[in-house]
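Residue numbers (UniProt numbering), protein chains in the order written: chain A, 1 to 340; chain B, 1 to 340; chain C, 1 to 340; chain D, 1 to 340.
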């Protein structure tokens, strides 16, 4: 099978390529870009040694045609037009936000503009979402923060162990902010410093978390989300806490999470007492989880670490694509991180 | 006036010295240590060029005698014995935890062992705490996390704008974990990674936050606290959120915080829309604050940045010592950070 | 005395302001900028709390008039025009490159375009350069790398201990590359990575090193210079090595350096065996030096650490300005770094 | 084939395991340690999710017996005794220094104590060294710095383009200093700072560089080596410069390097003008090279980036083991890095 990547010069595109280089069933086809078209990939992703001499093409229906799967790693708002040029015979996997939200009002509130529609949501671990992906021809890859938060909290909500009032504070590496140069993303600014941003209920990933978790909780989950930019290139460490339902015990909580991860190849519940670190998952498609019951405060506290570019974007995209292409879900996806 | 520093080879001791080097009224006297006694300070704090040749003495009543103020930067549990050898004519400022908590049960639960007692609490900004410091001869310097969280939330609780159910997630630089070499604090481990630790309600600073805020809230404040080790040497960025009381408006919240910081030399409410970064306060005794009302989630969200070694430890110690010594509170304390 | 800063929104401008905030004799006057004019300083330098509400003015003769000293922190090529509008009664201190080089051919080779001229060179430690600064009305602040390298090697060359064939490899923090956002300076790119750049003899600071050292060596010093971008915001660590002249002994080398730094307030020769780290000098105007004779390789090896923004730019500028303004050279300049 | 790893709890051991997890022909057998024996691997290398429950055994002849290959990642001085217990039917690959140096006097001068002997040197790219590895039963893995420097300079010396007077300044990530906790390796100390160490001709890797390059140069190569600890976990960026032989041209130099890397799977000469960054090779077995002729200074300047743990240790070990085991040299070794 052959894959094209639209938006190959950015971080998401680069990570898809890194993973596909080790994928035994998918060959790398056309690589396209906007302003970078015409330049060699090595000018943008010099770490991808085997692809350094590949030249970026323009993102057009013609250059993307003839592939089994097309990964879109484009700025928000551009995916619909590109996808329209690709028939149903081509699997289209969109790493952007355009097709994630089901609720047009939520889209309009947080993103503005017209809602493009909804595609099957590419988070196989979310109960009920794996099977539809097996027959999908269009997939919306979840946002990096919603991936982390959903994986941390779906077991508690699905088992009725937590009240639908969720607080999330998540530290993210800077690659989550993309590659467009902005002064606040300069190394000089971010090294040695942590900073909150888009706090107070305005971050665009908030409704996506609510959309994922509310059906499991059987009630609208209210999410208070504060993202923090941390001085690291990759990784999300999300702390998620909700009031425990009355009578929940530590053992019940632990066993619920053990059951939830048991058959999931990419979910890993750490031994009791060991808390997630983003280095555990650097470059891996794994989510490292830990959960505890804070009995003094009456809260479930779940912490998750993922690599925002791997499980949070490119790895999640390939995991869902594997399903839609009829491949084993784990194909070509690393389980172990790169550390120290 | 002359100051001695017991525990001068550690990070807290080093930061006290750095600040005292610019203090116009306090001269640096004896510097003492335990296993490092006999070595030059330059072997431990090579950044303190003017003191590089000073030799560390043993920590004994004799070496600490004859100073106007003695700063204790000792491992937990050692301060009482050292302070006992110093008369009431000497101001003793303890950077350790020994005398912070009023409740022996809380001490025993979180620290274990016998409670040493309670000293005047060195957080002048906490309503009701400035005046007692003016006549104190013993001062307990707050913990770094409680300093941050108390400064972020005291206005909301004192004004009755928030329910007493507080969630705190705070990222800290590694210097907060001290200088004893442990594998998990190696640069190789911490660079490029964020990790939670002591989560689930077990961190020792939790009861101190509750002790500070409950009297203001007029009810026991329950605190769910998750500390995060971030890949930076200094700084705490604490996100604090509690349910808003019914009817609170954004304007009311903003004005409450504006009033709370108005006469405080070291509290700084950022312009609306600008969120704190730890780099704003690196090396400074300033706390940078921002607050917002998340109306969707019904929550007050306050974020604060401090330097854990400055406002969070050594600067806070000197600020309180200034008061007790009859000096202007701001004497010798930097208002601006070092950035980028 | 009052100072204006042209280019106050950049890193050099910000560091000048940080230092002037603690300067007892110089008051901060007009702050000017180009595209940032009209915005508050707090939007650019939120660490400078006391100046957060100051509004940036346009850089014009009018806004800069009426100050005792004007610091120029402008892009290369703009200083001459601005200085022309300021009479000889105003001290003008240029942090740019425009007036550093005496040799028009060197200027043209490395910078291109017309040579603007030569101003007194603001490196008081360089033999013969302190006295002219006392009467200067125009000062060219050295480049950050030439400052480091000159301070490391002037003693060896002045004492005839080294052959005029110098190899320099210097790691620099990213703030040396300025604040204009470029993809290669993004935090995502620089964190966790070291990279060489402008290697092979093309870096513009090369002729400035040669200009400084050749007169002391009594022969043209050839400099092979390789700059390395290191994952840190501040600091230069320069390793400088030249063949030892025949017969040089370790003791002779050590004593030469001891004599060279003896009366210099900002030069610090570390104890034998302790090598410089940039953290020793973070935010300080100090240069930390060490030197050794590698007898196997027959080479003098000198290593120096400075803060590129402080001693390497803003601190050096103020040090020279102090001399020209008739103040003690050390006025307002920190000797100690901020660490850890 | 099955591999045992002695010293599996350290950084070298962990990296060997990370690579073997993707190796199609080598199965992971016994994992042994010293003081960590009895603990699960997940306590030491939580990034190696698939091996988290494997328990570390004692390092004894019994636990290591019965494997096709045994990788030794032990402190210096311990390899000989362990290897003695393993027959010639077992390939033993030593990541330590014990068997690298041929000259007992060099060993004694730099390491002290008795010289253990010399094993085939595991750097296949070094001319003349690939074939002996195909029949080796004992392999000495090169040091990380000598790997970098040798790969950067062997083409120039082998082609007679450079004088045998080499200056090397190399920045290394902290993982090169190992996992034993020492105060100077704490994150608080290393983040935000670069520091020289073991400068002035005393670093133990110096004679190994000379041993590798002198035969190619046809004369004793004198090496002046200054290592720099950089604030990153992984990576070596080495700048290597030697006087150019008279008449060397840029084209000749470029073509020499092009020819040298042409058939080498792990050597990559970057396009002209692009300089190596350690991020290009993070986690990869690739060395990224660039070379230039500095005609002003009359010098060859070669810069190389490797991952000290991969190509510099564990990847190099597996590369050589592949040869000795009759496998294709590239088996299981990543060509691309993980970035950003």
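A virtual CB, placed ideally from N, CA and C, is assigned to each residue, including glycine.
Candidates the options: closest to residue i by CA position
| i | options | result |
| --- | --- | --- |
| residue 89 of chain A | A:285, A:169 and A:135 | A:135 |
| residue 194 of chain B | A:36, A:340 and A:42 | A:340 |
| residue 1 of chain C | C:8, C:20, C:10 and C:27 | C:27 |
| residue 295 of chain B | B:253, B:289 and B:270 | B:253 |
| residue 161 of chain B | B:242, B:175 and B:311 | B:242 |
| residue 91 of chain C | C:113, C:71, C:101 and C:109 | C:71 |
| residue 332 of chain B | B:338, B:318 and B:325 | B:318 |
| residue 37 of chain B | B:59, B:68, B:338 and B:209 | B:59 |
| residue 8 of chain C | C:73, C:21 and C:199 | C:73 |
| residue 312 of chain A | A:300, A:213, A:205 and A:271 | A:205 |
| residue 297 of chain D | C:76, C:210 and C:111 | C:210 |
| residue 125 of chain D | D:335, D:309, D:75 and D:261 | D:261 |
Straight-line gap, residue i to residue j (C-alpha atoms, nearest Å)
| i | j | result |
| --- | --- | --- |
| residue 63 of chain B | residue 203 of chain B | 34 Å |
| residue 186 of chain C | residue 187 of chain A | 5 Å |
| residue 230 of chain C | residue 54 of chain B | 32 Å |
| residue 184 of chain C | residue 44 of chain A | 10 Å |
| residue 303 of chain D | residue 246 of chain D | 21 Å |
| residue 142 of chain D | residue 220 of chain D | 19 Å |
| residue 66 of chain D | residue 327 of chain D | 20 Å |
| residue 224 of chain A | residue 164 of chain A | 11 Å |
| residue 46 of chain C | residue 280 of chain B | 6 Å |
| residue 131 of chain D | residue 121 of chain D | 11 Å |
| residue 284 of chain B | residue 128 of chain C | 38 Å |
| residue 6 of chain C | residue 33 of chain C | 6 Å |
| residue 235 of chain B | residue 173 of chain B | 5 Å |
| residue 41 of chain A | residue 14 of chain A | 9 Å |
| residue 305 of chain C | residue 314 of chain C | 16 Å |
| residue 249 of chain A | residue 146 of chain B | 29 Å |
| residue 288 of chain B | residue 11 of chain D | 39 Å |
Segment limits, alpha helix (DSSP H) that includes residue i
| i | result |
| --- | --- |
| residue 82 of chain A | 79-84 |
| residue 144 of chain C | 144-158 |
| residue 254 of chain B | 250-261 |
| residue 63 of chain B | 61-64 |
Chain C residues whose Cβ lies nearer than 8 Å to that of residue i
| i | result |
| --- | --- |
| residue 286 of chain B | 49 |
| residue 257 of chain B | Result: empty, since nearest Cβ-Cβ is about 16 Å, beyond 8 Å. |
Partner residues on chain A for residue i, Cβ-Cβ distance less than 8 Å
| i | result |
| --- | --- |
| residue 262 of chain C | Near residue 262 of chain C there are no residues of chain A at all, since even the closest Cβ is about 34 Å away, more than 8 Å. |
Closer than 7 Å: residue i CB and nearest the ligand GTP heavy atom
| i | result |
| --- | --- |
| residue 163 of chain C | Annotation note on the ligand GTP: not contained in the displayed structure, which lists no ligands. |
Residue range of the beta strand (DSSP E) that includes residue i
| i | result |
| --- | --- |
| residue 3 of chain B | 2-6 |
| residue 206 of chain D | First-last for residue 206 of chain D: 206-217, but that is the alpha helix (DSSP H), not the beta strand (DSSP E). |
| residue 193 of chain D | Taken as a continuous stretch (DSSP letters only), residue 193 of chain D belongs to no beta strand (DSSP E), as it is neither H nor E. |
| residue 185 of chain A | Segment: none, residue 185 of chain A is in no beta strand (DSSP E) and carries neither H nor E. |
Per-residue contacts from residue i into chain C (C-beta, under 7 Å)
| i | result |
| --- | --- |
| residue 192 of chain A | 233 |
Closer than 7 Å at the beta carbon, the chain B residues around residue i
| i | result |
| --- | --- |
| residue 11 of chain C | 340 |
| residue 204 of chain A | Under the 7 Å cutoff, chain B gives no residues; its nearest Cβ is about 13 Å from residue 204 of chain A. |
| residue 265 of chain C | The premise fails here: residue 265 of chain C is roughly 10 Å from chain B at the closest Cβ pair, so nothing lies under 7 Å. |
Under 9 Å by beta carbon: chain D residues contacting residue i
| i | result |
| --- | --- |
| residue 19 of chain C | Result: empty, since nearest Cβ-Cβ is about 19 Å, beyond 9 Å. |
Could you name each continuous beta strand (DSSP E) segment of 3 residues or more that falls completely within the segment 17-54 of chain C, going from the start of the chain to the end?
27-33
Which ranges would you report for the beta strand (DSSP E) in the segment 88-147 of chain C if only whole runs of at least 3 residues count?
91-94 and 138-140
Secondary structure, alpha helix (DSSP H): runs of 4+ residues fully inside the segment 269-335 of chain B
315-324
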